[in-house]
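Student:
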Amino acid sequence: HGINGDFWWFFITLIFIVVPSVIVNVRATSQLKKQGTCNKVKYIAIFANCGVIFRYIQELEQWKKENFDKTPCGKSDQCCPCKTCLPWYTLQKEKSLESTYSMAKLRYLETITECAPQWCLQTYIMLRQWYFPWYTVVSIVLSLLSLAWSITMLEKTRETKENRNFKLITTVSFLIWQLASLISRLSAIVILAYVHRYYVIIFFAINWLLLAVVVSVVNRGNVYSQPDNPGLLFFGVWVLCYPVMFHSSESQIATFEFKNHKRHMALGNVLLALGNIIMLTLSVTVANPYAPYMEILKPVAISLVVGGLLISSIFFLAYDKCCFPETNNDQMDNVLSVVNNAFQEEAC
2 HGINGDFWWF FITLIFIVVP SVIVNVRATS QLKKQGTCNK VKYIAIFANC GVIFRYIQEL
62 EQWKKENFDK TPCGKSDQCC PCKTCLPWYT LQKEKSLEST YSMAKLRYLE TITECAPQWC
122 LQTYIMLRQW YFPWYTVVSI VLSLLSLAWS ITMLEKTRET KENRNFKLIT TVSFLIWQLA
182 SLISRLSAIV ILAYVHRYYV IIFFAINWLL LAVVVSVVNR GNVYSQPDNP GLLFFGVWVL
242 CYPVMFHSSE SQIATFEFKN HKRHMALGNV LLALGNIIML TLSVTVANPY APYMEILKPV
302 AISLVVGGLL ISSIFFLAYD KCCFPETNND QMDNVLSVVN NAFQEEAC
């Protein structure tokens, strides 16, 4: 954009890159601090904006320690059942699950703050200029896939951490559900922006504000227990509602500490669908001279928004009714077997 003289798009794109990068770096640095990383590394991560790189290195070290380092008794077998190694193995397993889950949350934060806005911006610029370079098309496809995959991995690691079995068919159903839902949602936002331009910001802000109000009323302060500072409470809920503006999943519902995850997850899908239909209706029924190619885009927009809603609804029902993760009894049986063997050897 800068080379072509499109300085307006250049600065907006730069903002959409820099702001998420700073947010993700702050979060990554806080995770490094929680993991007990030395101050020198934390300072480098803060000022060099490379906290994510250190987190990947930390995650790799934890994985190596769990799978390849020798146990305290000196054996290379990571499942050594002796009374010295069993507590060590259990501790490493817990650390690994916690570290993987934290890394999945960090990756999700990176994609939801960077990929989703950039997808909308890049698609909007192509529609406004009516020019579709191949590298931009590849970029938005990769951004969409990256976002859907990070959502899926966050859900999978959360279920694994809670000792649930996230099978392959469950992963596929969840991934297609999220991918179709994102296509419908992001397409509705872009087509509304193409027709009504900056009014989409007002619509998005009002929607975000109303969602935060509803969650605050329903949640009744469970997210942040700050009875003496309701402003801070509402701000926290408002920030946490940002991902819900794009998709709905159980990981989000768990953040708000709702009791019935399934019901609120289904409600989130319904609200997203209603918002998509409203944005699509406002786009295809109102004529605007600043949208000269709307006659061409109208069937495409309807297909993406409505088709995405139908596909996401089908795979949400498949995930909810047929593929919802169940407790991984096999894993629990393996752990109990190791414990029993350890006690038997000690008794002998």
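Using this note's numbering, you'd call the opening residue of the sequence shown number 2 and step up by one each time.
Where is the CB? At the ideal position from N, CA and C, for every residue including glycine.
Quick caveat: nothing in here was measured; it's all calculated off a predicted structure.
(1) How should residue 114 be labelled, buried or exposed, when 16 other C-beta atoms within 10 angstroms of its C-beta is the threshold for buried?
(2) DSSP on residue 166, reduced to helix/strand/coil?
(3) Would you identify the three-state DSSP class for residue 51, choosing helix, strand or coil?
(4) How far does the alpha helix (DSSP H) with residue 270 in it extend, from its first residue to its last?
(5) Measure the C-alpha to C-alpha separation of residue 333 and residue 161 and round it to an integer number of angstroms.
(6) Roughly how many angstroms lie between the CA atoms of residue 246 and residue 210, to the nearest whole one?
(7) Going by other Cβ atoms of all chains shown within 10 Å of its Cβ, with 16 needed for buried, is residue 18 buried or exposed?
(8) With H, G and I counted as helix, E and B as strand and the rest as coil, what does DSSP make of residue 199?
(9) Can you list, in chain order, the residues of its chain with a C-beta nearer than 7 angstroms to that of residue 196? Leave out the 5 residues immediately preceding and following it.
(10) Determine, using beta carbons only, whether residue 3 and residue 30 come nearer to each other than 8 angstroms.
(11) Report the residue from 110, 282, 183, 170 whose alpha carbon sits nearest the alpha carbon of residue 320.
(12) Tell me the rounded alpha-carbon separation between residue 265 and residue 206.
(13) Mapping the DSSP letters down to three states, classify residue 134 as helix, strand or coil.
(14) Write down the C-beta distance between residue 181 and residue 313 rounded to the nearest angstrom, noting that I regard them as a contact closer than 8 angstroms.
(15) Is residue 292 helix, strand or coil when you go by DSSP?
(16) Just how far apart, CA to CA, sit residue 254 and residue 262?
Tutor: In short, the structure shows the following:
(1) On the sequence shown, residue 114 is found 113 positions in, with the first residue counted as 1. Per the 10 Å Cβ criterion, buried.
(2) Along the sequence shown, one-based indexing puts residue 166 at 165. If DSSP states are grouped into helix, strand and coil, residue 166 belongs with the strands.
(3) Position 50 of the sequence shown, counted from the first residue, corresponds to residue 51. In this structure, residue 51 counts as coil in the three-state DSSP scheme.
(4) As a working note, residue 270 is residue 269 in the sequence shown. Per DSSP, residue 270 belongs to the alpha helix (DSSP H) from 262-286.
(5) As a position in the sequence shown, residue 333 is number 332, starting the count at 1. As a position in the sequence shown, residue 161 is number 160, starting the count at 1. Bear in mind that the predicted position of residue 333 carries a pLDDT of just 42, short of 50, making it too unreliable to give a figure here.
(6) Within the sequence shown, the letter at position 245 stands for residue 246. Within the sequence shown, the letter at position 209 stands for residue 210. Their backbone Cα atoms lie some 10 angstroms apart in a straight line.
(7) Reading the sequence shown from its first residue, position 17 is the one you call residue 18. Exposed: under 16 other Cβ atoms inside 10 Å.
(8) For the purposes of this step, residue 199 is identified with residue 198 of the sequence shown, where counting begins at 1. Three-state result, residue 199: coil.
(9) For this step, residue 196 is matched to residue 195 along the sequence shown. Cβ within range, chain order: 284, 287, 289, 292, 295.
(10) For the purposes of this step, residue 3 is taken as residue 2 along the sequence shown, with counting starting at 1. For the purposes of this step, residue 30 is taken as residue 29 along the sequence shown, with counting starting at 1. Not closer than 8 angstroms, so no.
(11) Reading the sequence shown from its first residue, position 319 is the one you call residue 320. Cα-wise, what sits closest to residue 320 is 170.
(12) Here the question's residue 265 lines up with position 264 in the sequence shown. Here the question's residue 206 lines up with position 205 in the sequence shown. Their Cα atoms are separated by approximately 22 angstroms.
(13) The residue you call residue 134 lines up with position 133 of the sequence shown. Residue state, collapsed to three classes: coil.
(14) Working through the sequence shown from its first residue, we reach residue 181 at position 180. Working through the sequence shown from its first residue, we reach residue 313 at position 312. That belief holds up - the Cβ atoms of residue 181 and residue 313 are roughly 4 angstroms apart, short of 8 angstroms.
(15) What you label residue 292 is simply residue 291 of the sequence shown in a count that begins at 1. Residue 292 falls in the coil class under three-state DSSP.
(16) Here residue 254 refers to the residue found at position 253 when the sequence shown is read from its first residue. Here residue 262 refers to the residue found at position 261 when the sequence shown is read from its first residue. Their Cα atoms are separated by approximately 6 angstroms.
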